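Chemist: My questions all concern the structure below.
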Amino acid sequence: MEIRTLKYFLAVAREENITRAAKFLHITQPTLSRQLMQLEEELDAQLFIRGKNRIVLTDEGMLLRRRAEEIVDLAKKTEKEFLERNDLVTGEIFIGSGETNAMHIIARMIREFKQDYPQIKYNLFSGNADDIKERIDKGLIDIGLLTEPVDIEKYEFIRLPHHEVWGILAPKDSELASKESVTPQDLIDLPLLSTRRMIVQNEIANWFGEDYEHLNIIATYNLIYNAAILVEEGIGYAICFEKLINNLGDSNTCFIPFSPSLKTGTVVVWKKHQIFSPATSRFIEKLKMSLKK
4 MEIRTLKYFL AVAREENITR AAKFLHITQP TLSRQLMQLE EELDAQLFIR GKNRIVLTDE
64 GMLLRRRAEE IVDLAKKTEK EFLERNDLVT GEIFIGSGET NAMHIIARMI REFKQDYPQI
124 KYNLFSGNAD DIKERIDKGL IDIGLLTEPV DIEKYEFIRL PHHEVWGILA PKDSELASKE
184 SVTPQDLIDL PLLSTRRMIV QNEIANWFGE DYEHLNIIAT YNLIYNAAIL VEEGIGYAIC
244 FEKLINNLGD SNTCFIPFSP SLKTGTVVVW KKHQIFSPAT SRFIEKLKMS LKK
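Numbering (the numbering used here), first residue to last: 4 to 296.
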């Protein structure tokens, strides 16, 4: 299975049409059709359902699409890393981050780093800790910014001087909006939106104590943006970090911290025993030095 063939497959999956994909790839339609048939023979699987005007992926095709995207991305990243070794001041650094205000620390680091290495580019990925760790393990991300609790045993890490504050994102016209803080008892029977990460749910459950089993969790989320829209529309109240959603100006939501206070730390992680590109290696060293000051 060649990288080139996987790129052909991804083009067809994206265009959903052989003719358009062939035009995009600058090859003939018969050549592309032949490559796809050979790929199906090699994998002993039907990858497409071929209609009159549209091609749709089968379940096997969807699986291959996910794997092909990872393989092609990793191949591109590997090629760039070897090219970078000819010039230490260029390259690309792949950074993954959860939703955290600690990203300001990384942003300031990038700003300083760009003064010394202006040719370096940055590829940012947003997701929860599980998403980011998976991409680090697969070599698709170099550095991850994660919020605790998180299992970091198999990673090198730096703990950042930053803590996130837990609380509730609520509509401004709700009864909770007038409170300076909320207790577990305030949230019983309210429609709640909570993070879907089990390890974080356990942390929140510890804070609620015996009241946790009485909560009315109507939805879970991995990133807060869309959950905040549900709050704006009056569907529920989101358990989340402070300052991730703009509550100023015309916003019709507000943040109320937990009482007693619940805070969580943040860490920067990268793979143990990993040989990084010169650009990434220098960035990690700068990160270490800056945080030791």
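Even for Gly, the Cβ is constructed at its ideal location relative to N, Cα and C. Because the structure is a prediction, the values reported are computed rather than measured.
How about the stretch 140-158 and the stretch 214-222: do they share at least three Cβ pairs that are nearer than 8 Å?
Modeler: no
Chemist: Could you check which residue in R37, L50, V203, V271 has the C-alpha nearest to that of A71?
Modeler: Here the closest residue by C-alpha is L50.
Chemist: From the DSSP output, read off the bridge partner residues of Q122.
Modeler: T93
Chemist: Considering N219, what are the terminal residues of the beta strand (DSSP E) in which it resides?
Modeler: 219-224
Chemist: Touch check for the stretch 78-87 and the stretch 254-266: three-plus C-beta pairs under 8 Å?
Modeler: no
Chemist: Report the option in D145, Y224, D192 whose CA atom is closest to the CA atom of D214.
Modeler: D192
Chemist: Which residue from I74, Y125, L149, M4 puts its Cα closest to that of D134?
Modeler: L149
Chemist: Leaving out the 5 sequence neighbours to the left and right, which residues in its chain are closer than 8 Å to E73 when beta-carbon positions are compared?
Modeler: K141, L143
Chemist: From this set, E235, P194, G212, which residue's C-alpha is nearest K175's C-alpha?
Modeler: E235
Chemist: Using 9 Å as the threshold, is the C-beta distance between M106 and L290 below it?
Modeler: no
Chemist: Helix, strand or coil for A241? Go by DSSP, reduced to three states.
Modeler: strand
Chemist: In the DSSP assignment, what residue or residues form a beta bridge with K274?
Modeler: Per DSSP, Y158.
Chemist: Report the residue from R285, E5, I6 whose alpha carbon sits nearest the alpha carbon of I146.
Modeler: R285
Chemist: Which parts of the stretch 169-211 are runs of the alpha helix (DSSP H), unbroken and 4 residues or longer, counting only runs that do not cross its ends?
Modeler: 187-190, 201-211
Chemist: Going by alpha carbons, who is nearest to E159 out of K274, N209, S177?
Modeler: K274
Chemist: On a Cα-Cα basis, can you pick out the residue from K266, Q122, T22, R17 that is closest to V168?
Modeler: When C-alpha distances from V168 are compared across K266, Q122, T22, R17, the shortest belongs to K266.
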